[in-house]
Amino acid sequence: MAGKQLFIVTGATGGFGSAILRQINLLYGEDAVIIACGRNKPKLDDVTKGFAAGVKHISVDFAERQGLKERCQAIFDLAAGETFSAAYLYNNHGLASDVTRLAQDFDDSAEIEDYFFLNLTSFQVLTAVFLKNFSGVPHTCVNISSKCAVVAFPSMSLYCTGKAARLMLYKCLAAENPEVKVLNYSPGLMLTTMTENFHNTVAVDSTKKTFQAFKEGNLYVDTDESAKKMLGIVKEGSFTSGEQIDFHDC
Ligand SMILES: NC(=O)c1ccc[n+]([C@@H]2O[C@H](COP(=O)([O-])OP(=O)(O)OC[C@H]3O[C@@H](n4cnc5c(N)ncnc54)[C@H](OP(=O)(O)O)[C@@H]3O)[C@@H](O)[C@H]2O)c1
46 MAGKQLFIVT GATGGFGSAI LRQINLLYGE DAVIIACGRN KPKLDDVTKG FAAGVKHISV
106 DFAERQGLKE RCQAIFDLAA GETFSAAYLY NNHGLASDVT RLAQDFDDSA EIEDYFFLNL
166 TSFQVLTAVF LKNFSGVPHT CVNISSKCAV VAFPSMSLYC TGKAARLMLY KCLAAENPEV
226 KVLNYSPGLM LTTMTENFHN TVAVDSTKKT FQAFKEGNLY VDTDESAKKM LGIVKEGSFT
286 SGEQIDFHDC
C-alpha cells in the first residue's frame with residue numbers, strides 16, 4: 046500500500062497499548078504515523094525512543110464527560126492536512142472494574158455510569174468522531190476486546206458487561222458499514238497493571254484461582270507477541286468484519 050498509514054492508539058502508555066506502539070513501529074517503520082493517546086508523557090517518550098515511525102502525542106482523559114467529542118476531534122486534528130493511504134483506530138483504553146463486589150452489590154447509579162462512560166461511551170464517541178475524519182481513506186476500527194466479552198467470570202460483572210457491550214457495538218458498526226473494516230480482538234490474559242489489580246482484589250474464589258493458575262503456571266500471554274499477532278491479522282485483512290478473534294484461536 047503506497048503512502049503513509051495513520052495509527053491512533055489509546056491507552057498507549059499502558060501494558061498492551063505500549064506493545065501496540067512497538068509492533069506498529071517494527072511492522073511499518075517510517076511508513077507509519079502514530080498518534081499515541083496517553084496521559085504519561087515521560088513513559089510514552091521512553092517507549093517510543095528511537096522509533097522510525099513518526100509519533101505524535103496527546104493526553105486525553107476519557108473519563109471526563111465535559112467536551113468529550115471536542116477532545117476526540119483534537120486527536121485527529123493532529124493529523125489534519127496530511128495524506129494517508131489508510132487510517133486505523135486501536136481503541137484500547139480501559140479500566141479494571143471493582144472486583145471486590147458481586148453484580149447485586151452495585152446499586153450506586155453514579156458509580157455504574159462513571160464506569161461505563163469511560164469504558165463504553167468514550168469508546169463509542171471516539172469511534173464516531175474517527176469515522177467522520179479522513180474521508181476517502183480506508184478506515185479500520187479495532188476494539189481491544191476480551192474473553193470476558195463472551196464468558197461470565199464471577200466478581201467481574203462490570204468489566205464483563207462493558208466488554209460485551211463493546212463487542213456488540215462493533216458488530217453493529219460492521220453490519221452498518223461494509224466499507225469499514227472492524228475487528229474485535231481478544232488479546233489473551235497478559236500480565237499488566239490491570240491484571241495485577243484483578244489478581245490482587247478479586248472476591249470470588251473460582252475467578253481468583255483462574256488468575257492464580259496463570260501466574261503460577263507462567264501462562265500469561267506476552268503483550269508484544271499478542272500485539273504482533275493482532276497487527277498481522279489486520280494487515281492481512283482476511284477476517285470477517287465484526288467478528289471476534291482470540292489470540293489463542295489463531
Ligand atoms: N491485561 C489483560 O490480560 C487483558 C486481557 C483482555 C483485554 N484487555 C484489554 O486491553 C486493554 C489494555 O489493558 P492493559 O491490560 O494494557 O491495562 P493497563 O496497563 O491498565 O492499560 C489501560 C490503559 O487505559 C488507559 N486509561 C485508563 N483510564 C483512562 C482514562 N480515564 N483516560 C484515558 N485513558 C485511560 C490508560 O492509558 P494512559 O495511562 O496511557 O493514559 C492505561 O494505560 C484494555 O481495554 C483491557 O480491557 C486486557
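Under this note's numbering, residues 46 to 295 are what the sequence shown spells out, in order. Ideal Cβ positions, reconstructed from N, Cα and C, are used throughout, including at glycine.
Proximity below 9 angstroms, CB of residue i to CB of residue j
i	j	result
ALA194	CYS205	yes
SER167	LEU212	no
SER130	GLY48	yes
GLY59	THR240	no
ASN229	SER190	yes
PHE259	LEU203	no
ALA173	GLN50	no
LEU72	ALA81	no
VAL144	ALA210	no
ARG146	SER200	yes
ASN178	LEU214	no
LYS216	GLY287	yes
Bridge-paired residues (DSSP) for residue i
i	result
ALA132	LEU51 and HIS184
ASP291	SER231
LYS177	Answer is none; LYS177 lacks a bridge partner.
GLY207	Per DSSP, none; premise fails for GLY207.
CYS82	THR55 and ILE103
ALA272	According to DSSP, ALA272 bridges with nothing at all.
LYS226	THR185
VAL266	MET235
ALA77	GLN50
Burial state of residue i, where buried means 16 or more other Cβ atoms lie within 10 Å
i	result
GLN257	exposed
ALA272	buried
HIS138	buried
SER231	buried
CYS117	buried
GLY126	exposed
SER251	exposed
GLN149	exposed
LYS226	buried
GLN111	exposed
THR93	buried
ASN136	buried
Supposed close pair residue i, residue j - CB separation, criterion 8 angstroms
i	j	result
ILE79	VAL54	6 angstroms
ALA97	GLY74	4 angstroms
GLY207	ASN245	Going by Cβ atoms, the distance from GLY207 to ASN245 rounds to 20 angstroms, so no, they are not a contact pair.
LEU176	HIS184	6 angstroms
LEU276	ILE69	7 angstroms
LEU234	VAL196	Contact doesn't hold; Cβ gap of about 12 angstroms is too wide.
LYS274	PHE292	6 angstroms
PHE61	THR268	5 angstroms
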